[in-house]
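Asks:
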Amino acid sequence: MTQDSEYKLLDSLFDELFPLCRSITGHGIEASMDIIGRYMPLTFDKVKSGTQVFDWVVPAQWNFRRARLWGPDGEVICDTNINNLHVVSYSEPVDKYLTLEELQPHLHSLPTLPDAIPYVTSYYQRTWGFCLKDKDRQALQQGRYRVLIESEFDPEGGVPFAQTLLEGQSQKEVLLSSYLCHPSLANNELSGPLVLLGLYNRIKQWPKRRFSYRFLLNPETIGSLCFLHKHYQSLAENLEAGLILTCMGGDVDSLRYKASRRGDSVFDQLARQLSDSDSLRFVEFTPLHGSDERQYCAPGFNLPVAQVSRSLNVTEVPYHTSMDDKDAMNMARIIQSIDEVERYLKLGEIAGNAVNQSPFGEPQLGKRNLYPNMNTLAHADKSSDSLVDGRTKLNAILTILSESDGTKAMVNIAQSLGLELASLESVIDELEQHRLIEFNTGEVL
Numbered sequence: 001m002t003q004d005s006e007y008k009l010l011d012s013l014f015d016e017l018f019p020l021c022r023s024i025t026g027h028g029i030e031a032s033m034d035i036i037g038r039y040m041p042l043t044f045d046k047v048k049s050g051t052q053v054f055d056w057v058v059p060a061q062w063n064f065r066r067a068r069l070w071g072p073d074g075e076v077i078c079d080t081n082i083n084n085l086h087v088v089s090y091s092e093p094v095d096k097y098l099t100l101e102e103l104q105p106h107l108h109s110l111p112t113l114p115d116a117i118p119y120v121t122s123y124y125q126r127t128w129g130f131c132l133k134d135k136d137r138q139a140l141q142q143g144r145y146r147v148l149i150e151s152e153f154d155p156e157g158g159v160p161f162a163q164t165l166l167e168g169q170s171q172k173e174v175l176l177s178s179y180l181c182h183p184s185l186a187n188n189e190l191s192g193p194l195v196l197l198g199l200y201n202r203i204k205q206w207p208k209r210r211f212s213y214r215f216l217l218n219p220e221t222i223g224s225l226c227f228l229h230k231h232y233q234s235l236a237e238n239l240e241a242g243l244i245l246t247c248m249g250g251d252v253d254s255l256r257y258k259a260s261r262r263g264d265s266v267f268d269q270l271a272r273q274l275s276d277s278d279s280l281r282f283v284e285f286t287p288l289h290g291s292d293e294r295q296y297c298a299p300g301f302n303l304p305v306a307q308v309s310r311s312l313n314v315t316e317v318p319y320h321t322s323m324d325d326k327d328a329m330n331m332a333r334i335i336q337s338i339d340e341v342e343r344y345l346k347l348g349e350i351a352g353n354a355v356n357q358s359p360f361g362e363p364q365l366g367k368r369n370l371y372p373n374m375n376t377l378a379h380a381d382k383s384s385d386s387l388v389d390g391r392t393k394l395n396a397i398l399t400i401l402s403e404s405d406g407t408k409a410m411v412n413i414a415q416s417l418g419l420e421l422a423s424l425e426s427v428i429d430e431l432e433q434h435r436l437i438e439f440n441t442g443e444v445l
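Counting from 1, one number per residue, gives the positions in the sequence shown under the UniProt record's numbering.
1. The alpha helix (DSSP H) that contains D15, what's its start and end?
2. Please confirm whether F18 and A186 have their CB atoms less than 8 angstroms apart.
3. In three-state terms, what does DSSP make of V427?
4. Three-state secondary structure (DSSP) at G390?
5. Quick check: C131 and L176, are their CB atoms within less than 8 angstroms of each other?
6. List, from N- to C-terminal side, the alpha helix (DSSP H) runs of 4 residues or more that fit wholly inside the region 19 to 86.
7. Look at the alpha carbon of T121 and the alpha carbon of Y319, and state the distance between them as a whole number of angstroms.
8. Taking all protein chains shown into account, decide if residue 448 is buried (16 or more other Cβ within 10 angstroms of its Cβ) or exposed.
9. Using the Cα positions of F64 and L140, report the straight-line distance between them to the nearest angstrom.
10. Once the 5 residues before and after Q415 are set aside, which same chain residues still bring their CB inside 8 angstroms of it?
11. Would you be able to state if there are at least three C-beta pairs under 8 angstroms between the region 155 to 171 and the region 59 to 74?
12. Could you check which residue in S337, E403, S322, D292 has the C-alpha nearest to that of L280?
13. What are the boundary residues of the beta strand (DSSP E) that K258 is part of?
14. Does the structure place the region 189 to 209 close enough to the region 221 to 231 that three or more beta carbon pairs sit under 8 angstroms?
15. So for V163, helix, strand or coil by DSSP?
16. Is the region 160 to 169 in contact with the region 136 to 151, if contact means three or more CB pairs nearer than 8 angstroms?
17. Specify, as a first and last residue, the run of the beta strand (DSSP E) that D95 falls within.
18. Pull up the DSSP beta-bridge partners for T121, would you.
19. Sort R256, L303, P299 by Cα distance to S265 and report the nearest one.
20. Does DSSP put G157 in a helix, in a strand, or in coil?
21. Applying the 10 Å Cβ sphere with the 16-neighbour rule, what's the burial state of R68?
22. Buried or exposed for A236, going by 16 or more other Cβ atoms inside 10 Å?
23. If you compare alpha carbons, which of Y124, D11, D55, G143 is closest to G71?
24. Within the chosen definition, does the region 285 to 295 reach the region 337 to 353 through at least 3 CB pairs nearer than 8 angstroms?
25. According to DSSP, is L398 part of a helix, a strand, or is it coil?
26. What separation, rounded to the nearest whole angstrom, lies between the Cα atoms of S184 and F285?
27. Under a Cβ-count criterion, where at least 16 other Cβ atoms within 10 Å of its own Cβ denotes burial, should P363 be classed as buried or exposed?
28. Could you tell me the distance, in whole angstroms, from the CA atom of K8 to the CA atom of M1?
29. Measuring straight from C-alpha to C-alpha, what distance separates T407 and A298?
30. Please classify I428 as buried or exposed, where buried requires at least 16 other C-beta atoms within 10 Å of its C-beta.
31. Can you name the residues that DSSP bridges to residue 455?
32. Taking 8 angstroms as the threshold (C-beta atoms), are L148 and D73 in contact?
33. Kindly indicate which three-state DSSP category Q364 falls into: helix, strand or coil?
34. Tell me the DSSP secondary structure of R214 in three-state form.
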């Protein structure tokens, strides 16, 4: 797939997904997963409503059709067919007339952003409400208002999630996950799934995958908990690292990597090194802000799952408002995010521990054209390709072979050479081709 066709696919997919009224359960999120499933072979699962999932109980499924609010003169004030942010997510069904005083406690607006419709939810406490621009709210007149919210709660429903796996050379997995539960938000909703799909299409074309790659879509928080409820044991045994993809379309030059709570995975170490070269912004883990990495990194799981974003959408575009639309999200940055995450994952494939396959003394490099056969300074200088800062290829080869005893990550070997891991890619590839090193990625499939 060319970059132009990739752009067109993701752009049209955005237009198809944006109008759908998604929540943590219900027809909207399931329809959205079905749409993405046309381009990625997803397996669907659901944890039934009422199930105890750790400290949470899976809520009844919210099936929503439409919500409208009419003013005293019959004018339409809110209609989810125009903007589905107008309804408080998980609103119970309502069909009644109210005075303005009775209606006001059920209205939500932002006085500091008078032209924005806020996004408001109430998943675990039954209520109802409308969201509207504050300038429209301030213009409401006394009188009799008609409220109609068409929704229902299905106790036999549940929280859905969908996944697929690209198998690699080993059972060790890299988890790539994003959420799909916000209605009509761009950067804070659809950017993550679009990048996820882009990465799936890229990674399936790789000629070799050391790791297996699991792609997961779920509603935020409760969805990741439901996934952990069913699959934690497998993750605990096989997970090499994970990345939660969120807010990937902001107009910011570099990606932001929020480390796992452990902070010690090879992927965390690689991100720290990349941050030294300004190609990545690195921040330590915090539970205060974030996405599903907070669940994977909770003390009971403590899995090596980080978060990757471009813009967290708080200052550039107000968070959780109607201002987070397609005009505010740079689709070209989506492609750039796919490029950069793919590049990071490729480096992650060679960042771990390698084992010297000829460890009894130095292997004979000359017969493999890895060492100068004429032992003079002139020939040595000529035959050893330069790396960064005049450090030689030969020095890199000998250091890698010397340090590759299965206990030291390649990203740390690069650091000991004063090099970025990326500059060692060709050297590592040659050593693998000559079967002098092999990466220790666990049980081979």
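Just so you know, even glycine gets a beta-carbon here, dropped at the ideal spot from N, CA and C.
Replies: The short version:
1. Numbered from 1 along the sequence shown, position 15 holds the residue referred to as residue 15. Per DSSP, D15 belongs to the alpha helix (DSSP H) from 3 to 17.
2. Looking up residue 18 in the sequence shown gives position 18. Looking up residue 186 in the sequence shown gives position 186. Contact: yes.
3. Along the sequence shown, one-based indexing puts residue 427 at 427. Of the three classes helix, strand and coil, the one that applies to V427 here is helix, per DSSP.
4. Position 390 of the sequence shown, counting from 1, holds the residue named residue 390. Because the pLDDT of G390 is 46, which lies under 50, any placement of that residue in the model is unreliable, and the number read from its coordinates should be weighed accordingly. Of the three classes helix, strand and coil, the one that applies to G390 here is helix, per DSSP.
5. In the sequence shown, residue 131 corresponds to position 131, counting from 1. In the sequence shown, residue 176 corresponds to position 176, counting from 1. No, Cβ-Cβ distance for C131 and L176 is not below 8 angstroms.
6. The region 19 to 86 contains these whole alpha helix (DSSP H) runs: 27 to 36.
7. If you number the sequence shown from 1, residue 121 lands on position 121. If you number the sequence shown from 1, residue 319 lands on position 319. T121 and Y319: Cα-Cα distance of roughly 14 angstroms.
8. Given a span of 1 to 445 for the chain in the structure shown, any question on residue 448 remains unanswerable.
9. By 1-based counting over the sequence shown, the position of residue 64 is 64. By 1-based counting over the sequence shown, the position of residue 140 is 140. Roughly 26 angstroms separates the two Cα atoms.
10. Here residue 415 refers to the residue found at position 415 when the sequence shown is read from its first residue. Result list for Q415: Q273, in chain order.
11. Segments in contact, yes.
12. As a first step, residue 280 is located in the sequence shown; it is residue number 280 there, counting from the start. Selected option, being the one with the closest Cα: S337.
13. Numbered from 1 along the sequence shown, position 258 holds the residue referred to as residue 258. For K258, the enclosing beta strand (DSSP E) has its first and last residue at 255 to 258.
14. Verdict: no, contact absent.
15. For the purposes of this step, residue 163 is taken as residue 163 along the sequence shown, with counting starting at 1. As written in the sequence, residue 163 is Gln, which differs from the Val given in the question. Q163 falls in the strand class under three-state DSSP.
16. Contact check between the region 160 to 169 and the region 136 to 151: fewer than three CB pairs, one atom from each, fall below 8 angstroms, which does not count as touching.
17. Counting from one through the sequence shown, the residue named residue 95 turns up at place 95. Here the beta strand (DSSP E) through D95 covers 94 to 99.
18. Taking the first residue of the sequence shown as position 1, residue 121 is located at position 121. The bridge partners DSSP lists for T121 are S89.
19. The sequence position of residue 265 within the sequence shown is 265, counting from 1. Per the Cα distances, L303.
20. What you label residue 157 is simply residue 157 of the sequence shown in a count that begins at 1. Correct three-state label for G157: coil.
21. Taking the first residue of the sequence shown as 1, we reach residue 68 at position 68. R68 counts as buried, since no fewer than 16 other beta carbons sit within 10 angstroms of its beta carbon.
22. Within the sequence shown, residue 236 is the residue found at index 236, counting from 1. With a threshold of 16 other beta carbon atoms within 10 Å, A236 falls short and is exposed.
23. Your numbering for residue 71 matches position 71 in the sequence shown. Nearest option by C-alpha distance: G143.
24. No, the region 285 to 295 does not touch the region 337 to 353.
25. Position 398 of the sequence shown holds residue 398. For L398, the three-state secondary structure derived from DSSP is helix.
26. On the sequence shown, residue 184 is found 184 positions in, with the first residue counted as 1. On the sequence shown, residue 285 is found 285 positions in, with the first residue counted as 1. Distance between the alpha carbons of S184 and F285 is about 29 angstroms.
27. By one-based count along the sequence shown, residue 363 stands at place 363. With 16 or more Cβ atoms within 10 Å of its Cβ, P363 is classed as buried.
28. As a first step, residue 8 must be located in the sequence shown, where it is residue number 8. As a first step, residue 1 must be located in the sequence shown, where it is residue number 1. Using only the alpha carbons, I get a separation of about 11 angstroms.
29. Sequence index remark: in the sequence shown, residue 407 carries index 407 (1-based). Sequence index remark: in the sequence shown, residue 298 carries index 298 (1-based). If you take the alpha carbons of T407 and A298, they lie about 27 angstroms apart.
30. Taking the first residue of the sequence shown as 1, we reach residue 428 at position 428. With 16 or more other Cβ atoms within 10 Å, it is buried.
31. This structure cannot settle anything about residue 455, because the visible part of the chain is limited to 1 through 445.
32. In the sequence shown, counting from the first residue as 1, residue 73 sits at position 73. In the sequence shown, counting from the first residue as 1, residue 148 sits at position 148. With respect to L148, D73 sits apart: the two C-beta atoms are not nearer than 8 angstroms.
33. Along the sequence shown, one-based indexing puts residue 364 at 364. Q364 carries a coil assignment under DSSP once its states are collapsed to helix, strand and coil.
34. Translated into positions along the sequence shown, residue 214 becomes position 214. DSSP places R214 within a strand segment (E or B) once states are collapsed to three.
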